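Read the structure below first, then the notes.
There are 2 protein chains.
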Amino acid sequence: MQAPRESAPNGERPGRTRPTMNDVARTAGVSLKTVSRVVNGEQTVNPELAAQVQSAIAALNYRHDIGASTLRRSDRRTDMIALLLEDVSNPFSSALHRVIEDEARARRLQVLTGSVDEDPERERELIRTFTMRRADGVIIAPVSSDHSYLTAELPPGTPVVFVDRPGQGFAADTVLATNVTGAAEATRHLLAHGHRSIAYLGDHYHISTAQHRYEGYVAALTEAGLQADPALVAHGLHTTALAETAVMSLFHRPAPPTALFSSQNLVTIGAVRALRRLGLHRAVALIGFDDFPLADLLEPAVTVVAQNPALMGRTAAAALFRRLDGHTGEPGTFWIPTDLIRRGSGELPPSPQLLHGRSDRPL
Amino acid sequence: MQAPRESAPNGERPGRTRPTMNDVARTAGVSLKTVSRVVNGEQTVNPELAAQVQSAIAALNYRHDIGASTLRRSDRRTDMIALLLEDVSNPFSSALHRVIEDEARARRLQVLTGSVDEDPERERELIRTFTMRRADGVIIAPVSSDHSYLTAELPPGTPVVFVDRPGQGFAADTVLATNVTGAAEATRHLLAHGHRSIAYLGDHYHISTAQHRYEGYVAALTEAGLQADPALVAHGLHTTALAETAVMSLFHRPAPPTALFSSQNLVTIGAVRALRRLGLHRAVALIGFDDFPLADLLEPAVTVVAQNPALMGRTAAAALFRRLDGHTGEPGTFWIPTDLIRRGSGELPPSPQLLHGRSDRPL
DNA sequence: GTACTCCCAGACAACGTTGTCTCGGCTCTT
DNA sequence: AAGAGCCGAGACAACGTTGTCTGGGAGTAC
Chain A
1 MQAPRESAPN GERPGRTRPT MNDVARTAGV SLKTVSRVVN GEQTVNPELA AQVQSAIAAL
61 NYRHDIGAST LRRSDRRTDM IALLLEDVSN PFSSALHRVI EDEARARRLQ VLTGSVDEDP
121 ERERELIRTF TMRRADGVII APVSSDHSYL TAELPPGTPV VFVDRPGQGF AADTVLATNV
181 TGAAEATRHL LAHGHRSIAY LGDHYHISTA QHRYEGYVAA LTEAGLQADP ALVAHGLHTT
241 ALAETAVMSL FHRPAPPTAL FSSQNLVTIG AVRALRRLGL HRAVALIGFD DFPLADLLEP
301 AVTVVAQNPA LMGRTAAAAL FRRLDGHTGE PGTFWIPTDL IRRGSGELPP SPQLLHGRSD
361 RPL
Chain B
1 MQAPRESAPN GERPGRTRPT MNDVARTAGV SLKTVSRVVN GEQTVNPELA AQVQSAIAAL
61 NYRHDIGAST LRRSDRRTDM IALLLEDVSN PFSSALHRVI EDEARARRLQ VLTGSVDEDP
121 ERERELIRTF TMRRADGVII APVSSDHSYL TAELPPGTPV VFVDRPGQGF AADTVLATNV
181 TGAAEATRHL LAHGHRSIAY LGDHYHISTA QHRYEGYVAA LTEAGLQADP ALVAHGLHTT
241 ALAETAVMSL FHRPAPPTAL FSSQNLVTIG AVRALRRLGL HRAVALIGFD DFPLADLLEP
301 AVTVVAQNPA LMGRTAAAAL FRRLDGHTGE PGTFWIPTDL IRRGSGELPP SPQLLHGRSD
361 RPL
């Protein structure tokens with residue numbers, strides 16, 4: 001009474017391959033093209049035929065093949081966008097990722113992500129891969145210092161958006177945090193609390209965000225009639241461990257600072273660790289650039305210059321989508337404001353103990 | 001109303017569309033098929049011709065079209081794998097993501113990710129999208145309670161790996177943390193420090209990991225001749241805020257617990273916040289399931305049952321790749337051990353203050 | 001010198017889909 | 001009643017690539 005389930009479910013076809021529009025057309029008794037019209041939601045199909053097609057689709061469990069469709073379409077859209085991030089597992093990157101995923105989903109776009117790890121070579125590799133997969137557009141948190149290669153690498157007209165850091169040598173919409181202003185505000189905040197000896201702890205100087213945050217720091221000091229003391233400035237701290245040792249050594253030399261400004265997440269955390277080890281976490285003021293989870297639960301809670309990754313991501317997505325929709329105006333820069341969140345560590349006054357020149361082992 | 005805005009600026013072919021193998025063939029003076037052979041690294045091409053092809057590729061800046069290639073190849077591989085995660089921006093998920101990205105990169109596979117957000121409907125949608133894009137295989141951190149739909153949704157033979165939680169109704173390799181054992185170990189640890197009144201704080205009970213961790217908790221209590229007190233058990237805490245209020249109310253009733261076991265990250269953090277607000281963070285012992293960044297910098301530092309997302313990810317990737325390589329053995333389950341990390345909060349003794357029945361407002 | 005083998009390169013078709021064109025039938029108009 | 005206009009549906013080709021097959025030249029053995 002029942003047909004055997006195992007032997008070649010539908011007639012002639014060898015059952016191994018998945019059904020195509022042709023199979024659907026045959027089952028529904030219509031032409032291939034009519035199936036295509038139904039699948040693409042064209043309104044010019046007789047409802048009765050459309051219903052036949054729909055039930056054939058259901059019966060055969062047909063799935064549209066986006067790859068084949070893309071190949072044939074005249075606009076060649078893949079409905080995939082590429083997203084190059086520093087590292088998908090780092091909180092800032094993954095916050096961006098999530099927001100962009102959500103925006104993309106609303107437009108039925110798939111996001112292709114890749115981690116770049118501060119390696120310009122990897123940035124180029126990923127761009128190449130994504131080009132071979134014909135991504136419709138690209139959002140890049142750049143690490144390379146020269147993006148002129150994009151001109152050759154991307155098909156002309158491919159929308160590009162830089163986020164977090166500016167690209168160089170390639171004109172594109174750019175979404176940036178107000179790094180200079182935010183860093184200056186943090187430094188001014190420390191100055192306002194009486195600090196005159198403020199250390200700067202930063203990532204590699206060649207990273208533009210680090211550079212801009214340093215600029216803000218210097219600018220605020222200059223406003224106050226001070227100069228950046230080279231002994232209190234450390235660049236190149238790209239891991240927690242490096243930051244930690246840098247801070248340790250700051251306090252093992254004469255005239256240690258009374259406050260720290262750190263230009264990045266990992267650095268801030270390294271600074272916290274070091275201050276803990278030194279027993280100075282309630283004595284030395286600290287402001288970090290970029291917020292991080294649990295900053296409010298540390299003791300003292302860490303004052304930060306918070307970025308707004310959600311807004312950055314939404315803005316970047318919007319800029320990309322506008323281009324995908326045909327906008328061809330001049331590329332612009334979108335500044336996303338930062339926000340100084342006072343939590344305690346940035347409001348500590350200068351420690352008398354440190355001010356009175358106890359230069360040797362403070363522990 | 002308005003005339004077409006742009007009259008196609010390029011009348012002739014070259015310029016707008018990107019070069020194809022045909023263009024390369026013409027430039028190099030060889031056949032299309034020879035270009036294909038060179039691009040695919042086949043060794044049967046005369047080196048001289050191959051060199052001509054290579055320089056034509058360079059001259060035209062040719063990029064292989066992976067989509068077209070996939071369509072034509074007999075194995076139909078897209079070299080893309082799908083990864084369904086709870087939320088790409090959550091630390092556990094993004095740690096998995098990163099590891100799997102790295103493993104995939106080594107095999108030149110692209111990872112397609114999507115966030116599921118505890119929504120079974122979204123899980124199905126994503127599976128459907130990834131199928132339409134012909135992903136070669138799928139790694140799923142499942143939320144749905146019934147995966148029998150995968151049988152119809154995925155082409156037969158598509159490798160699937162479940163990670164973090166088991167799938168149901170679909171046989172596939174599965175990578176799980178030792179949830180029961182880990183939770184039991186944590187509970188035993190609290191018992192060993194003298195606690196007899198240990199609260200359980202968990203996510204929705206329908207989530208299998210939550211369920212297993214609860215089982216472990218109950219099992220350890222039973223071993224010690226105790227019973228889980230329903231008044232000390234809270235399920236359904238899926239946000240930090242919910243966890244926080246649950247803990248607050250625990251301590252605003254008679255006979256509060258002297259220790260807390262929380263079954264998940266966000267819950268642990270909510271518990272920390274609540275204990276802080278109550279001023280009980282040095283009085284009530286706490287162990288959380290799943291490690292989180294900065295747990296060691298809180299005061300007291302938080303004892304956790306650490307999972308090993310890196311190993312889980314690598315194991316899942318390896319299982320998937322083995323199937324992609326043709327392995328067809330019975331699906332297996334891979335258990336990834338957890339690790340109790342003693343940091344302080346889990347080693348606090350029962351607080352005499354709480355033991356002596358100060359049942360009213362403890363603040 | 002012939003016959004056989006081997007191997008490289010090209011011709012051709014096909015993957016699953018959509019753009020274009022055509023055709024037949026219907027409606028509308030006078 | 002007949003021509004114009006419209007519209008829905010099918011035939012066909014093509015997107016960029018690779019699998020298969022064929023042809024011809026070089027190499028080898030007799």
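Just so you know, the sequences run in chain order A and B. All letters in the first sequence, in the order written, are residues 1 to 363 by the UniProt record's numbering. All letters in the second sequence, in the order written, are residues 1 to 363 by the UniProt record's numbering. Glycine residues also receive a C-beta, built at the ideal position from the N, C-alpha and C atoms. Every value quoted in this text rests on a predicted model; they were computed, and no experiment measured them.
- In the DSSP assignment, ASP339/B falls within the unbroken beta strand (DSSP E) covering 339-341.
- Within the region 60-74 of chain B, the residues whose Cβ lies closer than 8 Å to any Cβ of chain A are, in chain order, ASN61, ARG63, HIS64, ASP65, ILE66, GLY67, ALA68, THR70 and LEU71.
- Ranked by how close their Cα comes to the Cα of LEU266/B, the residues LEU242/B, ALA106/B, GLY41/B and HIS252/B have LEU242/B in first place.
- Distance between ALA255/B and PRO350/B, taken at the CA atoms: about 13 Å.
- At a cut-off of 8 Å between beta carbons, GLU118/B makes no contact with chain A.
- For the pair HIS189/B and GLY344/B, the CB atoms are not nearer than the 8 Å cut-off.
- Cβ contact annotation for HIS206/B (same chain, cutoff 8 Å, sequence separation greater than five): SER145, in chain order.
- Think of a sphere of 7 Å around the beta carbon of THR113/A: the chain B residues whose beta carbon falls inside it are THR113, in chain order.
- For THR240/B, the enclosing alpha helix (DSSP H) starts and ends at 240-250.
- Straight-line spacing of the CA atoms in GLY182/B and GLY114/B works out to 29 Å.
- The beta carbon of ARG134/A sits closer than 8 Å to some beta carbon of chain B.
- Between the beta-carbon of ALA271/B and that of ILE198/B there is about 13 Å, and that puts the pair past the 8 Å contact cut.
- At least one CB atom of chain A sits nearer than 8 Å to the CB of ARG98/B.
- When C-alpha distances from PHE261/A are compared across GLY225/A, MET312/A, ALA186/A and GLN227/A, the shortest belongs to ALA186/A.
- Between GLY202/A and SER263/A, the CB-CB gap stays under 8 Å.
- At a cut-off of 8 Å between C-beta atoms, ASP87/B counts as an interface residue with respect to chain A.
- Here the region 302-313 of chain A makes contact with the region 282-291 of chain A; the two share three or more CB pairs at distances below 8 Å.
- Beta-bridge partners assigned by DSSP to VAL304/A: GLY288/A and ILE341/A.
- Spanning the alpha carbons of ALA283/A and PRO300/A requires a straight line of approximately 10 Å.
- Classified as buried, PRO142/B has 16 or more neighbouring CB atoms from the shown chains inside 10 Å of its CB.
- Burial is judged here by how many other beta carbons sit within 10 angstroms of a residue's own beta carbon; HIS327/B has fewer than 16 and is exposed.
- Taking a 10 Å sphere around the C-beta of HIS281/B, we find 16 or more other C-beta atoms and assign the residue as buried.
- In this structure GLY225/A is exposed. Its beta-carbon is surrounded by fewer than 16 other beta-carbon atoms within 10 angstroms.
- With a cutoff of 8 Å on beta-carbon distance, LEU348/B and ALA285/B are scored as near each other.
- When DSSP states are grouped into helix, strand and coil, ILE139/A belongs to the strand group.
- Counting the other CB atoms within 10 Å of its CB gives ASN40/B a total below 16, which places it among the exposed residues.
- Taking a beta-carbon distance threshold of 8 Å, THR27/B does not count as an interface residue toward chain A.
- Within the region 168-211 of chain B, complete beta strand (DSSP E) segments of at least 3 residues are found at 173-177 and 198-201, given in chain order.
- Look at PRO19/A: its C-beta is not under 8 Å from any C-beta on chain B.
- Neighbours of LEU298/A across chain B, judged by C-beta separation under 9 Å: LEU294, LEU297, LEU298 and GLU299.
- The DSSP-derived three-state label of LEU297/A is coil.
- In this structure, SER94/A sits away from SER69/B, with a CB-CB distance that is not shorter than 8 Å.
- Residue burial is scored here from C-beta neighbours: PRO230/A has fewer than 16 other C-beta atoms within 10 angstroms and is therefore classed as exposed.
- Spanning the alpha carbons of THR20/A and ILE336/A requires a straight line of approximately 47 Å.
- Against chain A, a Cβ distance below 8 Å from VAL272/B picks out LEU297.
- Under the three-state reduction of DSSP, GLY114/A is assigned to strand.
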